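Asks: Handing you this structure, nothing more for now.
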Amino acid sequence: MHRIALSRRQLLQAGAAVGTLAAASARGQKPAAAALPVLGTPYPLAGVPLLGGGRFEPAQAEGHALVLYWWASWCPFCAQQSPEMQKLWAAQQGRGLRMLALSIDKRPEDAANYLRQKGYTFPAVWTSPEVARAYPKPDGLPVTVVRGKDGRVVQAEKGQLFAEDVADLARWV
1 MHRIALSRRQ
11 LLQAGAAVGT
21 LAAASARGQK
31 PAAAALPVLG
41 TPYPLAGVPL
51 LGGGRFEPAQ
61 AEGHALVLYW
71 WASWCPFCAQ
81 QSPEMQKLWA
91 AQQGRGLRML
101 ALSIDKRPED
111 AANYLRQKGY
121 TFPAVWTSPE
131 VARAYPKPDG
141 LPVTVVRGKD
151 GRVVQAEKGQ
161 LFAEDVADLA
171 RWV
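In the UniProt record's numbering, the protein residues as written are 1 to 173.
Structure representation (structure tokens):
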């Protein structure tokens, strides 16, 4: 028998992939098979309505690092990462960090209620079909993509990030 040594993060990422497939199957959906964006490629933005009112407009991210974070209220890995994303947002928005959290919940009210119950204040949208076309979700959940100040992808991760990984996103500000 051969043993394969996996890091804690690799094990969680494998578990996240299995969880994503299981959740999609339980809802009778086929998971999207989009790849993570390639580092160094331009990442175009679109204006989208925010949960709770207002809009995210591409001009808001010009010259700033933008963290895109796909999540769901039912995702156990997102439940671990989202508090860390809130800490990042609270600590770094004053330094110029921009964030757009994209909920893949079935209903916008599920996402809005979850954000309210948890006290999360980072900008979030519900991925309606229109939003999903503008911001196609890479495979996996959660997914974190950082668009650098120059509009190009500087980091792309699928699976749960640990607290230290989320805190390290501040290096792009």
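Where is the CB? At the ideal position from N, CA and C, for every residue including glycine.
All of these numbers come straight from a predicted model, not from anything done at the bench.
Can you give me the C-alpha to C-alpha distance between Gln92 and His64, rounded to a whole angstrom?
Replies: For Gln92 and His64, the distance between alpha carbons rounds to 11 Å.
Asks: Among Asp150, Pro123 and Asp165, whose alpha-carbon lies nearest the alpha-carbon of Leu68?
Replies: Answer by Cα proximity: Pro123.
Asks: Hey, quick one: how far does the beta strand (DSSP E) through Val173 stretch, first residue to last?
Replies: That residue, Val173, is in no beta strand (DSSP E); it is neither H nor E in DSSP.
Asks: In three-state DSSP terms, what is Phe162?
Replies: Coil.
Asks: Should Val166 and Glu57 be called a contact, given that it needs their Cβ atoms to be closer than 8 Å?
Replies: For Val166 and Glu57, no; Cβs fall outside 8 Å.
Asks: Output the boundary residues of the beta strand (DSSP E) element that contains Trp126.
Replies: Residues Ala124 to Trp126.
Asks: If you draw a straight line from the C-alpha of Glu164 to the C-alpha of Val146, how long is it?
Replies: Near 16 Å, if we compare the C-alpha coordinates of Val146 and Glu164.
Asks: Excluding the 5 residues flanking Gln81 on each side, which residues of the same chain have their C-beta closer than 6 Å to its C-beta?
Replies: Counting only Cβ-Cβ distances below 6 Å, and skipping sequence neighbours, we find Pro142, Gln160 and Leu161.
Asks: Could you work out which residue in Gly140, Leu169, Arg152 and Ala156 is closest to residue 187 when comparing CA atoms only?
Replies: Residue coverage of the chain in this structure runs from 1 to 173, which leaves residue 187 outside it and unanswerable.
Asks: What are the start and end residues of the beta strand (DSSP E) that includes Trp70?
Replies: First-last of the beta strand (DSSP E) with Trp70: Leu66 to Trp71.
Asks: Under the assumption that Leu45 contacts Ala34 (Cβ atoms under 8 Å), give the Cβ distance between them as a whole number of angstroms.
Replies: The pair is not a contact, with the Cβ atoms about 17 Å apart (cut-off 8 Å).
Asks: Report buried or exposed for Gln117, applying the criterion of at least 16 other Cβ atoms within 10 angstroms of its Cβ.
Replies: It counts as exposed.
Asks: Roughly how many angstroms separate the alpha carbons of Ser88 and Ala170, rounded to a whole number?
Replies: Note that residue 88 is Leu in the sequence shown here, rather than Ser. Approximately 7 Å between the Cα atoms of the pair.
Asks: Which same chain residues, not among the five before or five after Glu157, have their C-beta less than 6 Å away from its C-beta?
Replies: Thr144.
Asks: Specify, as a first and last residue, the run of the alpha helix (DSSP H) that Arg133 falls within.
Replies: First-last of the alpha helix (DSSP H) with Arg133: Pro129 to Ala134.
Asks: From the DSSP output, in three-state form, read off Glu57 for me.
Replies: DSSP places Glu57 in coil when its eight states are reduced to three.
Asks: Could you name the residues of the same chain whose beta carbon sits closer than 8 Å to that of Arg95, not counting the 5 residues immediately before and after it, in chain order?
Replies: So the list reads Ala170 and Val173, once near-sequence residues are dropped.
Asks: So for Glu62, helix, strand or coil by DSSP?
Replies: Coil, per DSSP.
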